[in-house]
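Visitor: First the structure, then my questions, so here it is.
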Amino acid sequence: MSTTDDTLRQSLAEHGHEFQAVRTSYNSVRARLREVIVEALRAGIPQKDIVGATGYTREAVRQIARAEGIEPT
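Take the sequence shown: its letter number 72 is residue 71 in numbering that gives the first Met the number 0, and every next letter is one higher.
Here is the structure:
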């Protein structure tokens, strides 16, 4: 193997590990955001406010609401 190959393999490994760490963090934050959205819906916060605060689409918020048996406001 050439030095270039070794460098590329090392770079792939480093970026792969970094990507996995970011994905784990993303999944954790996404799950917590879903919990907060459910809490907000149950508290009667309007769907448009949730959409504005989270950047989620109205349909995404509706899907979360439906999955939890909540009628969106």
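Each residue gets a CB set at the ideal place from its N, CA and C atoms; glycine is no exception. If you're wondering where the values come from, they're calculated on a predicted model, not measured in any experiment.
Could you check the C-alpha separation between T2 and Q19 for me, to the nearest Å?
Guide: One C-alpha to the other measures close to 26 angstroms.
Visitor: Alpha carbon to alpha carbon, what distance is there between D5 and L11?
Guide: Distance between the alpha carbons of L11 and D5: 10 angstroms.
Visitor: Using the Cβ count rule (16 or more neighbours within 10 Å means buried), how would you classify L40?
Guide: It counts as buried.
Visitor: Is G54 helix, strand or coil when you go by DSSP?
Guide: Residue state, collapsed to three classes: coil.
Visitor: For the alpha helix (DSSP H) containing S132, list its first residue and its last residue.
Guide: Given that the chain is displayed from residue 0 to residue 72, the structure contains no residue 132 and the question cannot be resolved.
Visitor: Please return the same chain residues whose Cβ sits closer than 8 angstroms to the Cβ of I49, not counting the five positions on each side in sequence.
Guide: Only I36, A39, L40, Y55 and V60 meet the Cβ criterion.
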